[in-house]
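**Q**
The following block contains the structure:
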């Protein structure tokens, strides 16, 4: 009896010290998420008649979504942004860096510090630096580089807006990919490589037949987590292009922001937000299951 | 046997050269954008383009503080992000301990929930979040005005208001960093043997004494990691201050930088670059400290 009252008291105390965190998460994350779903069924707006007297409109916002070319455009842009920067750009450069930095090279620390640097830059600073890199005219850094190779310079953010935000987001995330993939590489026992070498495998065979297959679980987890965090990117794109020109870089988080705070359509913005929440949650659940958390 | 991909140890030097070339290219890609901020901030005649300053000067930095409200922006950012970080460390320290030690039914659902919360895009939450904060702010404002007159009430609300006040931004910034911090601390306490606590219990220590005398000293490395990641992420955040703050007195560094950049006709690149550099430095320093935790945190997040 004594023991069980003691355990009950401890259990109560543990719940008590967790409760402030629980309260904040409920108030500022869970409740807003649920509230988003509610808002998406109303015609809430920041201005106009609907602002004073919001009504329940059923699925009207969602049926409007289906016919909204700008919404489909933003889904497509988000998809290309995620595939281009997280799945291809960051992954390829991160994997190359991770593999090369496992070797015994001089300046290893210096290289890895430099690769980590973009990750530390706040979103607005990163956007600002790249506006300088990508500006129009012959003096911008990228224009000078392409002119060195005999190509024609252009106003990069106007001519290739989506490609450019993919490049910038790749730049910002190489470090995350490198760190995760380094951790994955270090779990492959060196005996496996030695055995392969004994059997006369060449480096590219070793990479394709051993490194890649054994890395698959890590790669899958990386892909899921980086896809989810790339869908959430806002400040970087906002600072660079604010979704423009003409919606070319209007990723879903920018579209939600523009609908809510520029067009003041809160109900409709919430419907778009719910779509983003659902996509992220599906990827998140896949991530949690793939990672087989033992909690 | 670390060089498994390109060469056997001591074989030809060519693969090494290739490795250096590839790493140099990637590093150049990573580093070049930073050069412009650094050089332009020291250039008396800075342009939007990368160029070697003809006239070196610290004048741009002086102007951030003398001509504009730079000191206030720095203070606001440090105060808001610093308070949020402290709050995260306290809450995640306590909560992480509870999550690690409890055997209650809510343990597993809670842990899954904080993993899933991390994937929700903040932009999708800001509209309802704004409405909730506005409601809280109005209730609070009415209460404050019962006791204080107009000007005093406004000054008080600047500190404790939920919209356009320090408190609201601090609480929301802290909440957004909590899931990762709770996860880090839970994992950290999982790795701490219970012997110390049990010894303290035997000695008749209460819960609070156990936390203060035994757990906090043991948990410092974990708290440092959780705090650094919270600081870096809150420091870089742009969306929340953009939506929650409007008074010039409360403006933080990201807003100051962004708004200075919007004055299109009169962009002063030297000033902007100096401001950007000031904003960048704390993040880079914190990142330097956080580096040794990076691998364990990211891979810990992956492996559970």
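Chains as they are written, first to last, in our numbering: chain A, 2 to 296; chain B, 817 to 1120. All residues carry an ideal CB built from backbone N, CA and C; glycine is no exception. If you're wondering where the values come from, they're calculated on a predicted model, not measured in any experiment.
1) Only counting the same chain, and skipping five residues up and downstream in sequence, which positions put a Cβ closer than 8 angstroms to that of residue 1063 (chain B)?
2) Quick check: what's the CA-CA separation for residue 857 (chain B) versus residue 1088 (chain B)?
3) Determine, using beta carbons only, whether residue 1062 (chain B) comes closer than 7 angstroms to chain A.
4) Below 8 angstroms on the Cβ atoms is my guess for residue 250 (chain A) versus residue 166 (chain A); work out the distance and round it to an integer in Å.
5) Hey, could you find the ends of the alpha helix (DSSP H) residue 143 (chain A) is sitting in?
6) Starting from residue 1013 (chain B) and walking both ways along the alpha helix (DSSP H), at which residues does that stretch end?
7) Let me make sure I understand the geometry here. Which of A:187, A:62, A:150, A:175 has the alpha-carbon closest to that of residue 266 (chain A)?
8) Which residues does DSSP list as the beta-bridge partners of residue 872 (chain B)?
9) Could you tell me whether the Cβ atoms of residue 935 (chain B) and residue 990 (chain B) are closer together than 7 angstroms?
10) Going by C-alpha to C-alpha distance, which of A:284, A:289, A:293, A:290 sits closest to residue 83 (chain A)?
11) Quick check on the DSSP output: the alpha helix (DSSP H) that includes residue 958 (chain B) runs from which residue to which?
12) Contact between the region 1035 to 1054 of chain B and the region 212 to 226 of chain A: three or more CB pairs below 8 angstroms?
13) Can a CB atom of chain B be found closer than 7 angstroms to the CB of residue 93 (chain A)?
14) Are residue 297 (chain A) and residue 940 (chain B) closer than 7 angstroms when you measure CB to CB?
15) Let me see if you follow: with CB-CB separation under 7 angstroms, is residue 1095 (chain B) close to chain A or not?
16) Quick test of the definition: if touching needs 3 or more C-beta pairs under 8 angstroms, does the region 96 to 105 of chain A touch the region 179 to 191 of chain A?
17) If we count the other Cβ atoms within 10 Å of its Cβ and call it buried at 16 or more, is residue 1009 (chain B) buried or exposed?
18) Express the C-alpha separation of residue 832 (chain B) and residue 105 (chain A) in angstroms, rounding to a whole number.
19) Hey, how far is the Cα of residue 232 (chain A) from the Cα of residue 215 (chain A)?
20) For residue 1058 (chain B) and residue 1076 (chain B), what's the separation of their Cα atoms in angstroms?
21) In this structure, does DSSP put residue 43 (chain A) in helix, strand or coil?
22) Hey, which unbroken runs of the alpha helix (DSSP H) at 4 residues or more fall wholly within the region 58 to 87 of chain A?
23) So, under 8 angstroms CB-CB, residue 179 (chain A) and residue 849 (chain B) are touching, yes? Tell me the CB distance rounded to an integer number of Å.
24) Closer than 7 angstroms, CB to CB, is residue 14 (chain A) near chain B or not?
25) Leaving out five residues before and five after residue 42 (chain A) in sequence, what residues of the same chain have Cβ atoms less than 8 angstroms from its Cβ?
26) Using the beta-carbon of each residue, which ones in chain B are nearer than 8 angstroms to residue 36 (chain A)?
27) Go through its chain and collect everything with a Cβ distance to residue 1056 (chain B)'s Cβ below 7 angstroms, but skip five positions before and after it.
28) Taking 8 angstroms as the limit between beta carbons, can you name the residues of its chain near residue 147 (chain A), skipping five residues before and five after?
29) Out of A:66, A:78, A:17, point me to the one whose CA is closest to residue 244 (chain A)'s CA.
30) Exposed or buried, what is residue 7 (chain A) when buried is set at 16 or more other beta-carbons lying within 10 Å of its beta-carbon?
31) Could you give the C-beta distance for residue 101 (chain A) and residue 835 (chain B), rounded to a whole number, given that I count them as a contact under 8 angstroms?
32) Whole angstroms is fine: what's the gap from residue 34 (chain A)'s alpha carbon to residue 944 (chain B)'s?
33) What in chain A is Cβ-close to residue 860 (chain B), meaning under 8 angstroms?
34) So if I threshold CB-CB distances at 7 angstroms, which residues from the region 266 to 280 of chain A count as touching chain B?
35) Using DSSP with H/G/I as helix, E/B as strand and the rest coil, what is residue 935 (chain B)?
36) When burial is assigned at 16 or more other CB atoms within 10 Å of the CB, is residue 819 (chain B) buried or exposed?
**A** Here's the rundown:
1) As a working note, residue 1063 (chain B) is residue 247 in the second chain. These residues qualify, in order along the chain: 974, 980.
2) Counting from 1 along the second chain, the entry for residue 857 (chain B) is found at position 41. Counting from 1 along the second chain, the entry for residue 1088 (chain B) is found at position 272. Rounded to the nearest angstrom, the two C-alpha atoms are 8 angstroms apart.
3) In the second chain, the residue the question calls residue 1062 (chain B) occupies position 246. For residue 1062 (chain B), the answer is no, since every Cβ of chain A falls outside 7 angstroms of its Cβ.
4) Counted from its first residue, the first chain places residue 250 (chain A) at position 249. Counted from its first residue, the first chain places residue 166 (chain A) at position 165. Confirmed, Cβ separation roughly 5 angstroms.
5) For the purposes of this step, residue 143 (chain A) is taken as the residue at position 142 of the first chain. First-last of the alpha helix (DSSP H) with residue 143 (chain A): 142 to 149.
6) Numbered from its first residue, the second chain carries residue 1013 (chain B) at position 197. Note, residue 1013 (chain B): alpha helix (DSSP H), 1011 to 1018.
7) If you number the first chain from 1, residue 266 (chain A) lands on position 265. Checked all of A:187, A:62, A:150, A:175; the closest Cα to residue 266 (chain A) is A:62.
8) Within the second chain, the letter at position 56 stands for residue 872 (chain B). B:859.
9) Locating residue 935 (chain B) in the second chain gives position 119, counting from the first residue. Locating residue 990 (chain B) in the second chain gives position 174, counting from the first residue. Against a cut-off of 7 angstroms, the Cβ pair of residue 990 (chain B) and residue 935 (chain B) comes out as no contact.
10) As a first step, residue 83 (chain A) is located in the first chain; it is residue number 82 there, counting from the start. Selected option, being the one with the closest Cα: A:284.
11) The residue given as residue 958 (chain B) occupies position 142 in the second chain. That run of the alpha helix (DSSP H) goes 942 to 963.
12) no
13) Working through the first chain from its first residue, we reach residue 93 (chain A) at position 92. Closer than 7 angstroms: no.
14) Given that chain A is displayed from residue 2 to residue 296, the structure contains no residue 297 (chain A) and the question cannot be resolved.
15) Within the second chain, the letter at position 279 stands for residue 1095 (chain B). With 7 angstroms as the cut-off, residue 1095 (chain B) counts as an interface residue toward chain A.
16) With a cut-off of 8 angstroms, the region 179 to 191 of chain A and the region 96 to 105 of chain A count as touching, because enough Cβ pairs lie within range.
17) On the second chain, residue 1009 (chain B) is found 193 positions in, with the first residue counted as 1. Per the 10 Å Cβ criterion, exposed.
18) For the purposes of this step, residue 105 (chain A) is taken as the residue at position 104 of the first chain. For the purposes of this step, residue 832 (chain B) is taken as the residue at position 16 of the second chain. C-alpha separation (whole angstroms): 9 angstroms.
19) Mapped onto the first chain, residue 232 (chain A) falls at position 231. Mapped onto the first chain, residue 215 (chain A) falls at position 214. Spanning the two alpha carbons is a distance of roughly 28 angstroms.
20) To locate residue 1058 (chain B), count along the second chain from 1; it is residue 242. To locate residue 1076 (chain B), count along the second chain from 1; it is residue 260. Cα to Cα, residue 1058 (chain B) sits roughly 14 angstroms from residue 1076 (chain B).
21) As a working note, residue 43 (chain A) is residue 42 in the first chain. DSSP places residue 43 (chain A) in strand when its eight states are reduced to three.
22) 61 to 67, 70 to 82
23) For the purposes of this step, residue 179 (chain A) is identified with residue 178 of the first chain, where counting begins at 1. For the purposes of this step, residue 849 (chain B) is identified with residue 33 of the second chain, where counting begins at 1. Residue 179 (chain A) to residue 849 (chain B), Cβ: 18 angstroms. No contact.
24) The residue labelled residue 14 (chain A) in the question sits at position 13 within the first chain. Chain B contact via Cβ: present.
25) For the purposes of this step, residue 42 (chain A) is taken as residue 41 along the first chain, with counting starting at 1. So the qualifying residues of the chain are 57, 58, 59, 60, 62, 268.
26) Numbered from 1 along the first chain, position 35 holds the residue referred to as residue 36 (chain A). Within 8 angstroms Cβ-Cβ: 944, 947, 948.
27) The sequence position of residue 1056 (chain B) within the second chain is 240, counting from 1. Cβ within range, chain order: 985, 988, 989.
28) The sequence position of residue 147 (chain A) within the first chain is 146, counting from 1. Within the same chain, residue 147 (chain A) has close Cβ partners 153, 154.
29) Taking the first residue of the first chain as position 1, residue 244 (chain A) is located at position 243. Checked all of A:66, A:78, A:17; the closest Cα to residue 244 (chain A) is A:78.
30) Numbered from its first residue, the first chain carries residue 7 (chain A) at position 6. Counting C-beta atoms within 10 angstroms of its own C-beta, residue 7 (chain A) has fewer than 16 neighbours from the protein chains shown and is therefore classed as exposed.
31) In the first chain, residue 101 (chain A) corresponds to position 100, counting from 1. In the second chain, residue 835 (chain B) corresponds to position 19, counting from 1. Right, their Cβ atoms sit about 5 angstroms apart.
32) For the purposes of this step, residue 34 (chain A) is identified with residue 33 of the first chain, where counting begins at 1. For the purposes of this step, residue 944 (chain B) is identified with residue 128 of the second chain, where counting begins at 1. Residue 34 (chain A) and residue 944 (chain B): Cα-Cα distance of roughly 8 angstroms.
33) Position 44 of the second chain, counted from the start, is the residue given in the question as residue 860 (chain B). Per Cβ cutoff of 8 angstroms: no residues; residue 860 (chain B) is ~17 angstroms from chain A at best.
34) 267, 270, 271, 274, 277, 278
35) One-based indexing of the second chain puts residue 935 (chain B) at position 119. Residue 935 (chain B) falls in the coil class under three-state DSSP.
36) Residue 819 (chain B) sits at position 3 when you count from the first residue of the second chain. With a pLDDT of 42 at residue 819 (chain B), under the threshold of 50, the modelled position of that residue is not reliable, and the figure given next carries that caveat. It is buried - the Cβ of residue 819 (chain B) has at least 16 other Cβ atoms within 10 Å.
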